[in-house]
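Take a look at the structure below.
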């Protein structure tokens with residue numbers, strides 16, 4: 117959810133900022149001996165992308181655009197859902213050969229993530245790029261469809277947690293929006 121603001125400084129060129137709330141989610145599901153365990157993390161970021169945009173000449177009411185730039189963000193909140201083996205709840209089942217096999221029961225959880233100042237890196241910055249299509253409804257409103265990719269340059273874990281690897285977010289999104297010309301200039 118963002119609020120795009122754009123300044124067109126030439127016929128085909130503009131600067132665009134889009135402050136907003138962006139989700140960067142992570143999920144995984146284990147297989148094999150750990151089948152049945154999974155986790156989903158929902159991460160909410162306040163983010164400000166600043167992009168240089170190039171627009172093509174229009175065809176009827178349509179025009180294309182490409183944009184690229186940088187973003188800065190703040191990890192505002194998160195929640196986690198998942199299922200893990202409960203080591204305090206063991207099940208013994210008989211084997212066909214007369215023995216028994218022990219299994220852990222799976223326990224589900226769903227809670228708000230509590231940030232840890234020692235391990236969580238809450239600032240985020242990186243590169244962003246997108247391509248899209250504009251539809252000029254009238255001189256005041258235009259609608260757009262965009263495919264956007266962002267790559268964080270910073271890890272969401274602090275240095276001591278990563279042991280050489282730096283996990284970072286890579287996000288792809290499809291955006292559908294509307295922009296209103298506040299100054300009613302034809303650019």
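In the working numbering, the protein residues as written are 117 to 303. Where a beta carbon is used, it is the ideal one built from N, C-alpha and C, also for glycine.
Query                                                                                                                                  : Result
Integer Cβ distance of residue 283 from residue 275, believed to fall under 8 Å                                                        : Between residue 275 and residue 283 the Cβ distance is about 12 Å, and since that is not below 8 Å, they are no contact.
Simplified DSSP assignment, three categories, for residue 246                                                                          : strand
Under 8 Å between C-beta atoms of residue 177 and residue 252                                                                          : yes
Contacts around residue 141, its chain only, beta-carbon distance under 8 Å, and the 5 residues preceding and following it disregarded : 156, 157, 158 and 159
Residue from 119, 153, 163 and 130 whose Cα sits closest to the Cα of residue 139                                                      : 163
Own chain, CB closer than 8 Å to residue 296, minus 5 neighbours either side, in chain order                                           : 256 and 257
Check whether residue 223 and residue 200 have beta carbons under 8 Å apart                                                            : yes
Same chain, Cβ closer than 6 Å to residue 303, five either side skipped, listed in chain order                                         : For residue 303, the pLDDT reaches just 47, beneath the cut-off of 50, and the residue's location in the model is therefore unreliable, although a value from the coordinates is still provided. Answer for residue 303: 124, listed in chain order.
Stretch-stretch touch, CB-based, cutoff 8 Å, three pairs: the region 228-235 with the region 117-134                                   : no
Simplified DSSP state of residue 118, which is helix, strand or coil                                                                   : strand
Other residues of its chain near residue 248: CB distance less than 6 Å, five sequence neighbours each side excluded                   : 181, 260, 261 and 262
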